[in-house]
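Report on one structure; see the data block that follows.
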Amino acid sequence: MKCPLCGREAPADLCPYHLAAKGRVEAAYPQWVKAYGRMEWKEYLDNVKRNVQTGQWAKEIAEFLQGG
Amino acid sequence: MPSLEFGRKATGTGYTLVICEKPDAARRVSDALSGGAPRSEIVDGTTVFRFTRRGEEFVVCSAQGHVYGVSDPTEERSVYPVFDIEWYPSDLVDEESANAARRIAAVRKLAAGAARFVNACDFDVEGETIGFNLLRYACGGREGSALRAKFSTLTREDLVRAFDELKPQMGQGLARAGRARHAIDFVWGVNLSRALSQSPLGSGHRYRTVSIGRVQGPTLGFLVQREREIREFVPLPYWKVAGVFDKDGRRFNADYSKQKIEEKALAEKVREGCLGKDAEAAAVKRSLAQVGPPVPFNIGDLQKEAYRAFGYNPSRTLQVAERLYLGALISYPRTGSQKLPPSIDYRGILQGIGKAPEYSTLVGELLKSEPKPVQGAKSDPAHPAIHPTGERPKRPLDSSESALLDLVTRRFLAAFGPTARREFVEVILVVGEHEFKLGGGRTVFPGWMKHYGRYASYRDVELPVISEGDRFRVVDVLVDQKFEQKPTRYNQSTLLEKMEKEGIGTKATRADIIATLVGRGYVAGESMEVTDLGLSVVETMLKYAPSIVGTGLTREIEEKLEAVEGGAEGEAALLRETVRSIANQLAHLSANEEAVGKELDSALMATVAKSSVLGRCPVCKAGELRVIRSKKTKKRFVGCSNYATGCRASAPLPQKGTVKTTSKPCERCSWPVVYITGGGRPWRLCVNPGCPGKGKR
Numbered sequence: 001m002k003c004p005l006c007g008r009e010a011p012a013d014l015c016p017y018h019l020a021a022k023g024r025v026e027a028a029y030p031q032w033v034k035a036y037g038r039m040e041w042k043e044y045l046d047n048v049k050r051n052v053q054t055g056q057w058a059k060e061i062a063e064f065l066q067g068g
Numbered sequence: 069m070p071s072l073e074f075g076r077k078a079t080g081t082g083y084t085l086v087i088c089e090k091p092d093a094a095r096r097v098s099d100a101l102s103g104g105a106p107r108s109e110i111v112d113g114t115t116v117f118r119f120t121r122r123g124e125e126f127v128v129c130s131a132q133g134h135v136y137g138v139s140d141p142t143e144e145r146s147v148y149p150v151f152d153i154e155w156y157p158s159d160l161v162d163e164e165s166a167n168a169a170r171r172i173a174a175v176r177k178l179a180a181g182a183a184r185f186v187n188a189c190d191f192d193v194e195g196e197t198i199g200f201n202l203l204r205y206a207c208g209g210r211e212g213s214a215l216r217a218k219f220s221t222l223t224r225e226d227l228v229r230a231f232d233e234l235k236p237q238m239g240q241g242l243a244r245a246g247r248a249r250h251a252i253d254f255v256w257g258v259n260l261s262r263a264l265s266q267s268p269l270g271s272g273h274r275y276r277t278v279s280i281g282r283v284q285g286p287t288l289g290f291l292v293q294r295e296r297e298i299r300e301f302v303p304l305p306y307w308k309v310a311g312v313f314d315k316d317g318r319r320f321n322a323d324y325s326k327q328k329i330e331e332k333a334l335a336e337k338v339r340e341g342c343l344g345k346d347a348e349a350a351a352v353k354r355s356l357a358q359v360g361p362p363v364p365f366n367i368g369d370l371q372k373e374a375y376r377a378f379g380y381n382p383s384r385t386l387q388v389a390e391r392l393y394l395g396a397l398i399s400y401p402r403t404g405s406q407k408l409p410p411s412i413d414y415r416g417i418l419q420g421i422g423k424a425p426e427y428s429t430l431v432g433e434l435l436k437s438e439p440k441p442v443q444g445a446k447s448d449p450a451h452p453a454i455h456p457t458g459e460r461p462k463r464p465l466d467s468s469e470s471a472l473l474d475l476v477t478r479r480f481l482a483a484f485g486p487t488a489r490r491e492f493v494e495v496i497l498v499v500g501e502h503e504f505k506l507g508g509g510r511t512v513f514p515g516w517m518k519h520y521g522r523y524a525s526y527r528d529v530e531l532p533v534i535s536e537g538d539r540f541r542v543v544d545v546l547v548d549q550k551f552e553q554k555p556t557r558y559n560q561s562t563l564l565e566k567m568e569k570e571g572i573g574t575k576a577t578r579a580d581i582i583a584t585l586v587g588r589g590y591v592a593g594e595s596m597e598v599t600d601l602g603l604s605v606v607e608t609m610l611k612y613a614p615s616i617v618g619t620g621l622t623r624e625i626e627e628k629l630e631a632v633e634g635g636a637e638g639e640a641a642l643l644r645e646t647v648r649s650i651a652n653q654l655a656h657l658s659a660n661e662e663a664v665g666k667e668l669d670s671a672l673m674a675t676v677a678k679s680s681v682l683g684r685c686p687v688c689k690a691g692e693l694r695v696i697r698s699k700k701t702k703k704r705f706v707g708c709s710n711y712a713t714g715c716r717a718s719a720p721l722p723q724k725g726t727v728k729t730t731s732k733p734c735e736r737c738s739w740p741v742v743y744i745t746g747g748g749r750p751w752r753l754c755v756n757p758g759c760p761g762k763g764k765r
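The listed protein sequences correspond, in order, to chains L and F.
Note that my numbering gives residue 63 to position 63 of the first sequence, counting from 1, and the numbers run on in steps of one.
Numbering-wise, my numbering comes out as the position in the second sequence, counting from 1, plus 68.
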């Protein structure tokens, strides 16, 4: 199976790189909610995607999750 | 004492043959020992020097770096494993060492007429190995009976002293360790690189050299680990609060005592709690700090400082330092020592430096008392810390040589300078339950900073005149939203530091290893961004041969080699252990050849495709400008990926050197800017032949 984001071999739905990035994106969500008081999942993904500090794979995952 | 034999007139027939590491060193040795009038002659195309000293005839010849290298006796370059290795003249194992044959022939011819031999190569692992090999293979096994000239600078005084105090070659730990290192690195590199390069073939794909050396693997591992942290990074928000305070019409900005506030609501609460209130200076803390001089340079420190000061990468710094050494302007640069022993003659060097107008005042101050330098913790039994010789250049220096010599000179002067003193003030401003900090610092006595000049980077922040109990009006409270910064990539300097810290590589080889990672396409650009190929090599290794990219095995080998350098036996056992370890890793790779090949092949294709892209096409604004090689003329040029749909943007490229992309387009015309490297100094080029900036640099 190929990773839908980069075409690398993917043992599961995603390649190991994007799978790790997905874990990071999901883990950071509760911290963003706490920081702002409240934030919807989609708004969070949008913020992560547009943030210049976000890493390339995390951005790709945020965009992927937005579409899903 | 063997050295006394050289004080006597030769009783046997034949001359003393002196072997130096490089031609420039041979000339300097000859000038120093002959009093400045050696005869030069050509032997087998190489220049040698002949003179008489105290009634003895000397002939001085040189290698040009390593003239022997390790290889395997088989002609077949694709076979692995290879554990049967031998030393060969370098021209037989490396196409770029064509001069080695001439050098060896000259030494062999000269050795036939020599009665005594002196190894005068640089006194370190590589120099000892070069001298040992020439004495063994070209001089008929003289490596044990030759004498050793040990010096740390190529000044006349140092060279004369070295030849007055010639030493027997004791134990030859450095040479044994050097030869073992070459053998281990060859066995390691050739087997793993062949296994990796062959694997795409095994899976029916293309061939390309994919190398992985003993130190290269773990170093690439550091880069990949950091790359993953960067690419997976998700920033967390935080808020920074700062107060604007007024006292008698003068305003101060002070940071809130908690640097990061993780919740927006809490930051707003601080603001609301402070606005409209007064603040009181609850505490004013003044402190005086003694700042000692920086320790003398070893090679790693010099490479880091030259990167900070001038942006030179470590290999460039090493090359420039080598040139300064061969010009007798600085001491031997490949040293780990941060110590300056009194034997280098502090006063003599300072007096020499003081002859230059730009340093005369500084030196005058230092010579008012007995000069005594600060010493660092690290030592090196072979050489002192890098220091200037105090000699004036005998030829015009280029800009990088001048810059590096100035840095080395000022660091040396700073080492003798008095301790500097800096004053710091911290004021705590209290507004209700909230605290703000106002800080400042200034240099009250520059001490050594004056000698180090522009390289001493301490910033002065003007100190406010504030006393405890002073009251301030809160003008505003600023709440600034921030995000955590993603980790920064290693640059060539911080990567070198990491290698030092992890104990992998040697002071002589680290810079070259970093350059190889760039050359192999594992990292790209000045930012050292890891390519798909670099990621894939490390991931593949982690899966099938993890110890190749871990630090444990490499560090263990380094430690054992260091013990051999110090005189311990055991290099043969170490080589056997390495062979066993490599064989084990190769078996895993070989058993998974197809999977390894598939993984590497797709990464290779992606990296090659990406490295040819120079940037967005400024003509059609949709395609990408790429480096294309003409099938007809075989020449390379720049063309747009939208050629098929009508974009005719194209530009010629230099046919020599390597084209490297930069991330920034030309400020004048928006066409891509590239670096051309190889052959000489790298240069920047806007690929647009019609760029309005052309000819205006």
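C-beta atoms are modelled at their ideal positions from N, C-alpha and C, and glycine is treated no differently.
This structure is a prediction, so every number in the text was calculated from the model and none was measured.
Note the first and the last residue of the continuous alpha helix (DSSP H) segment covering residue i.
| i | result |
| --- | --- |
| Arg522 of chain F | That residue, Arg522 of chain F, is in no alpha helix (DSSP H); it is neither H nor E in DSSP. |
| Gln653 of chain F | Glu639 to Ala659 |
| Arg376 of chain F | Ile367 to Phe378 |
| Cys3 of chain L | No alpha helix (DSSP H) contains Cys3 of chain L, which DSSP labels as neither H nor E. |
| Gln387 of chain F | Pro382 to Leu394 |
| Phe290 of chain F | Gln284 to Arg299 |
| Ala179 of chain F | Ala168 to Ala179 |
| Val606 of chain F | Asp600 to Tyr612 |
| Glu194 of chain F | Val193 to Asn201 |
Residue i lies in the beta strand (DSSP E); which residues open and close that run?
| i | result |
| --- | --- |
| Glu124 of chain F | Glu124 to Ser130 |
| Phe185 of chain F | Ala182 to Ala188 |
| Gly444 of chain F | Element bounds for Gly444 of chain F: n/a, residue is neither H nor E. |
So what does residue i bridge to, in DSSP terms?
| i | result |
| --- | --- |
| Gly707 of chain F | F:Arg694 and F:Ser718 |
| Ser108 of chain F | F:Phe117 |
| Ile454 of chain F | F:Phe365 |
| Val309 of chain F | F:Val547 |
| Arg541 of chain F | F:Asp314 and F:Asp346 |
| Ile87 of chain F | F:Cys129 and F:Asn187 |
| Ser355 of chain F | F:Phe492 |
| Glu211 of chain F | None, per the DSSP bridge assignment. |
| Leu506 of chain F | F:Val495 |
| Pro157 of chain F | F:Tyr136 |
Report yes if the C-beta distance between residue i and residue j is below 8 Å; otherwise report no.
| i | j | result |
| --- | --- | --- |
| Val359 of chain F | Glu633 of chain F | no |
| Leu668 of chain F | Thr287 of chain F | no |
| Ala100 of chain F | Val228 of chain F | yes |
| Ala248 of chain F | Glu639 of chain F | yes |
| His18 of chain L | Glu60 of chain L | yes |
| Phe191 of chain F | Lys218 of chain F | yes |
| Phe126 of chain F | Tyr83 of chain F | yes |
How is residue i classed by DSSP in three states: helix, strand or coil?
| i | result |
| --- | --- |
| Ser71 of chain F | Caution is warranted here: a pLDDT of 31 is assigned to Ser71 of chain F, below 50, making its placement in the model unreliable, and the coordinate value is therefore given only provisionally. Three-state DSSP puts Ser71 of chain F in a helix. |
| Asn47 of chain L | helix |
| Trp739 of chain F | coil |
| Val135 of chain F | coil |
| Arg752 of chain F | strand |
| Gly559 of chain F | Here the sequence assigns Asn to residue 559 of chain F, which means Gly is not the residue at that position. Looking at Asn559 of chain F - three-state DSSP - the assignment turns out to be coil, as it is neither helix nor strand. |
| Thr584 of chain F | helix |
| Arg319 of chain F | strand |
| Thr79 of chain F | Low confidence applies to Thr79 of chain F: its pLDDT is 43, below 50, so where it sits in the model is not reliable, and the reading given next is rough at best. In the structure shown, Thr79 of chain F sits in coil (DSSP, three-state: anything other than H, G, I, E or B). |
| Pro757 of chain F | coil |
| Val617 of chain F | coil |
| Glu438 of chain F | coil |
| Glu233 of chain F | coil |
| Lys407 of chain F | coil |
Residue i: which of the options sits nearest, CA to CA?
| i | options | result |
| --- | --- | --- |
| Ala389 of chain F | F:Ser467, F:Lys315 and F:Ala333 | F:Ser467 |
| Lys728 of chain F | F:Gly589, F:Ile398 and F:Ser698 | F:Gly589 |
| Ile744 of chain F | F:Lys732, F:Ser738, F:Leu721 and F:Pro733 | F:Leu721 |
| Arg391 of chain F | F:Pro461, F:Asn381 and F:Gly137 | F:Pro461 |
| Arg216 of chain F | F:Asp232, F:Thr223, F:Lys326 and F:Ala350 | F:Asp232 |
| Arg716 of chain F | F:Trp751, F:Asn756 and F:Glu735 | F:Asn756 |
Can you find a C-beta in chain A that's less than 8 Å from the C-beta of residue i?
| i | result |
| --- | --- |
| Trp32 of chain L | The chain labelled as chain A is not found among the protein chains of the depicted structure, namely L and F. |
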